[in-house]
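Input: a single structure, listed below in structure tokens.
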Amino acid sequence: MTYFEACRKVARELEEAGVPEPALDARYLTEYVGDFTEAQYLLARDDEIPEERLSRLLELAKRRCMREPIQYILGSQEFMGLPFICNKDCLIPRQDTEILAERALEAIKLLRRDRADIRYLDLCTGSGCVAISVTKLGNITNAEAADISEAALAVAKKNAELNGTEVKLIKADLFEGLEGRYDIITANPPYIDTGLIHGLIPEIWKYEPMTALDGGEDGLVFYRRIAKEAPEWLTPGGWLVFEIGDTQGEAVAGLMKAAGFEHVSVHKDLAGLDRV
């Protein structure tokens, strides 16, 4: 059996299991077991696949048929053009969340107009994808990232090392135990309504950490806490930037305004949905 034939076989199995984009995931898995880049796979597709690689490919395909996310199977995901390790201890870095990092980088440019040094904090950091991307791409030298999960922080530590970025990692429930004020705070807190979680695709509710998904009965539990607590942690003129659910813009903006925040705005993603 050639690599191409094995890839087609896996694609059929994934399609029968209801996996979205089965052909694409089959190719990713085939490239992974062959240790190929996309270009290398195209050159090797008509070569015979060694038995041990075929066996490994079929094992991984079974996991994907069980709807385990492809990113967990491959163990990595790109974010903001940077590589990130990911596993079941943290949320998978998503393209939608890049909007959060991009807005933070824009805010940092504005902040640098009147302050030389930027002190930056990322809450609910998970894999560290936002904290590390903003720190690296924004040339931040004083960055901290907090998460309540020690397992997630262990992943973030590996990602900081992988990307050659220094971020102080802190085990904390939001602002608990932190010190001083920050010029910019980012966060991607849990924001899915408790009752809606099991209606999501199985890749999410079966595999991603529930503590990183569940935002309480209305999805706003963490936003209420952040709105209440953040003012005492921000420097004058500081920025608070976070991701929100696609129907939460009005509600979260209302919470921020009620807490005394100025210049509150909601930004949409490429699909035109509320995102930051």
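Residue numbers (numbering that gives the first Met the number 0): 0 to 275.
We put the CB at the ideal spot given by N, CA and C, even for glycine.
Quick caveat: nothing in here was measured; it's all calculated off a predicted structure.
Element boundaries [alpha helix (DSSP H), containing residue i]
i	result
P201	P201 to W204
E143	Segment N141 to D146 is the beta strand (DSSP E) holding E143; no alpha helix (DSSP H) there.
T29	P21 to G33
T134	C128 to L136
I107	E97 to L110
M65	Note, M65: premise wrong, no alpha helix (DSSP H); not H, not E.
G361	In the structure as shown, the chain begins at 0 and stops at 275. Residue 361 is therefore absent and cannot be evaluated.
N158	E149 to L161
Sequence-distant residues of its chain with Cβ nearer than 8 Å to residue i (five each side left out)
i	result
Y206	R66, E67, P68, Y71 and K87
L99	V129, T185, N187, V240, F241, E242, R274 and V275
K227	A258
V154	I84, C85, N86, D88, C89, G125, S126 and G127
Three-state class that DSSP yields for residue i in the structure shown
i	result
P189	coil
F83	strand
E77	strand
D121	strand
L239	strand
I183	strand
V18	coil
E261	coil
R52	helix
Identified DSSP bridge partners for residue i
i	result
D213	I191
D45	Partner(s): none; D45 has no beta bridge.
W232	Bridge partners of W232: none, in fact.
T1	E47
K267	D273
Residues near residue i by beta carbon distance below 7 Å, same chain, minus five either side
i	result
S75	P82, F83, I84 and C85
A229	I184 and L239
S132	F78, M79, L81 and A100
F35	A43
Start and end residues, beta strand (DSSP E) containing residue i
i	result
I169	K167 to K170
Own chain, CB closer than 6 Å to residue i, minus 5 neighbours either side, in chain order
i	result
L120	E143, Y181 and I184
V251	Y222 and I243
L272	D245
A103	V133, T185 and V240
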